[in-house]
Amino acid sequence: MPLLWALRENLRMTGTKFGCGMGLCGACTVHVDGVATRSCTLPLQGVAGRSVTTIEGLDPEHPLFAAWVEHKVPQCGYCQSGQVMAAAALLAENPSPDRQQVRNALSGNLCRCGTYNRIQNAVLGAAEVGHWEPGAEEEQA
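Residue numbers (our numbering): 4 to 144.
See the structure below:
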């Protein structure tokens, strides 16, 4: 059983979407040990003993969420969880990417509505907020 179906059917975590079932569209992107990974082609056994984060597990204070709204990314919304997860993995690895690095990191995530420029602008906007880590807001208060 692919990880995607265990998440959606067994755990009822439906934020991760089924797109193509072949790992080509990115709608099913989750983090496995912090790395953006296609869950539709990853066997459940492949995550035994590993950390899996879905869109539901991404901190709601992550700057990507505010940037998504600010840059008017939402259209149909189907690709968004995969796009956000790919972008979050990029920003965790490279907190100050340039536009080409954003394009490269998100190149495997398809958007049928064609909001690629808005998505890229949102990722760059989130990066401008600065390096973000869970709990960092509380430490600064």
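Positions of the beta carbon are idealized from the N, C-alpha and C atoms, including for glycine.
- The C-alpha of L7 lies about 12 Å from the C-alpha of C23.
- Cβ-Cβ distances below 7 Å link T57 to L10, M16, G18, T19 and V33 in the same chain, with the five nearest sequence neighbours on each side left out; the list follows chain order.
- Shown here, R15 sits in coil according to DSSP, grouped into three states, outside any helix or strand.
- Between the alpha carbons of K75 and A30 lies a distance of about 19 Å.
- Per DSSP, reduced to three states, the secondary structure at A30 is coil, with no helix or strand assignment.
- By the C-beta criterion, the stretch 76-94 is judged not to be in contact with the stretch 46-54, since fewer than 3 inter-stretch pairs fall below 8 Å.
- Between A108 and P100, the gap from beta carbon to beta carbon is short of 9 Å.
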